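Take the sequence shown: its letter number 179 is residue 976 in my numbering, and every next letter is one higher.
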Amino acid sequence: MRLLVTGGAGFIGSNLIRYLLNETNAEVFNVDKLSFPGSVWTMQDFKDSPRYSFAQIDICEASAIRQVVNDFAPDAIVHLAAESHVDRSIDSPSAFIHSNIVGTYTLLEVAREYWRSLPLDRRHMFRFHHTSTDEVFGSLEPSDPPFSETTPYAPHSPYSASKASADHVVRAWHHTYGLPVTISNCSNNYGPYQFPEKLIPLMILAALKGKPLPVYGTGQNLRDWLYVEDHVRALYLIVRKGKTGASYNIGGGCEKTNIEVVNMLCDLLDELFPNARNVPHRNLIEFVTDRPGHDLRYAMSTEMIRKALNWQPEESFPTGLRKTVRWYTENLAWCERVTSGSYHGERLGLG
Ligand SMILES: NC(=O)c1ccc[n+]([C@@H]2O[C@H](COP(=O)([O-])OP(=O)(O)OC[C@H]3O[C@@H](n4cnc5c(N)ncnc54)[C@H](O)[C@@H]3O)[C@@H](O)[C@H]2O)c1
């Protein structure tokens, strides 16, 4: 397969590309604008693969995208490019509206033009996969059943509203123009190469430096955690075998409060670095003013993808978290490079 991946310099996109190059024969073209210039280091280990190409392009630039699509002639487009950090979306929503909504629309239009130009057999095979989030469904109370594929959308943050808008636009391009799309809504991912502005890497790096570990509110917000390699396996399955027009929920079936996650990280660091001067690392935890509109709980029912595509997560949270902590402690040079001058990096003295 020839796969055009957008956002492949990011956390999930780069893990997807690693999986495609290591586990399949796919040829990959990665389009990413490099929102964080340091992300070139995320592509370091696969940049020289003969089955890999890269162009630094903003998905909002139709002519540049059109040229790549026509030259590369993909069998599928796997769309992950997005502004992805809720905190940043609250401080400056404009980039989220632009990249996540206008960018997705631009990509859909280029894909539609390309798809219509294909010979019938290739046209039949073509897929546009859009990668979205559980946050589009809003927030659950502790006793509510988990989100299903038919849960009505109720996004609360500029980030989740922009992703929800994009999901609607993708679905409309399927219903109106027949474009063969699939959509996935996934829960919180964790694992190697996650940009250190997100909870898990942020906490690991701050703890290693003996900085405070800022936990919003009382840390009772519940998230469902999925190891990133389980997510990318699901994405590849959907691209190959998903039903056109369908949405699939993806999740780890592993609900944890934020404070549980941070406590687990602190305990792992105590175990790995028993002589560190900050043991016990839990002493570094500081509760800080909650962010506005902070959703209490997300949880996913993954029955549909389990039944339809025989997918299930393989990594457990304790083993995945241990792998993740080890990866960050062994890849501090990558962390320094990608966080240089970044949002949370500077605040925590990481960049
Ligand atoms: N991380 C999660 O837990 C999670 C969960 C569910 C869904 N998702 C979705 O998965 C996708 C990838 O998330 P991630 O965590 O890897 O994010 P990320 O921020 O690590 O990576 C996103 C990449 O997209 C690129 N990008 C942003 N705007 C672009 C534009 N206009 N043109 C080209 N490239 C652009 C960035 O440069 C970055 O490399 C996103 O669509 C996100 O909404 C993420």
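No residue lacks a Cβ here, since even glycine has one placed at the ideal position from N, Cα and C.
Since this is a predicted model, take the numbers as computed values, not measurements.
Taking the Cα positions, Thr-1121 is about 17 Å away from Glu-1133. Across the set Glu-1057, Val-933 and Asn-1072, the C-alpha of Val-933 shows the shortest separation from the C-alpha of Ala-951.
Taken in chain order, the complete beta strand (DSSP E) segments of 3 or more residues contained in the stretch 994 to 1064 are 1010 to 1013, 1019 to 1024, 1044 to 1047 and 1052 to 1054.
Taking C-alpha positions only, Tyr-1125 is separated from Pro-977 by approximately 38 Å. Of the other Cβ atoms in all chains shown, 16 or more fall within 10 Å of the Cβ of Gly-900; this residue is therefore buried.
Around the beta carbon of Asn-1080, fewer than 16 other beta carbons lie within 10 angstroms, which makes this residue exposed. In the three-state reduction of the DSSP assignment, Gln-853 falls in the strand class, which pools E and B. Fully contained in the stretch 892 to 934 are the following alpha helix (DSSP H) runs of length 4 or more, in chain order: 900 to 914 and 917 to 922.
Here the alpha carbon of His-1028 sits roughly 8 Å from the alpha carbon of Cys-983.
Taking 8 Å as the cut-off, the Cβ atoms of Leu-1010 and Asn-986 do not count as close. For Leu-800, the enclosing beta strand (DSSP E) stretches over residues 799 to 803. C-alpha of Arg-913 to C-alpha of Ile-856: approximately 20 Å in a straight line.
With distances taken between CA atoms, Arg-1123 lies nearest to Gly-988 out of Pro-1110, Gly-988, Leu-1032 and Thr-1054. By the C-beta density criterion, Pro-939 is exposed, having fewer than 16 other C-beta atoms within 10 angstroms.
With the rule of 3 Cβ pairs closer than 8 Å, the stretch 961 to 980 counts as touching the stretch 1036 to 1048. Residue state for Val-1076 is assigned as coil, using DSSP reduced to three classes.
Thr-947 and Gly-1049 have their C-alpha atoms roughly 19 Å apart.
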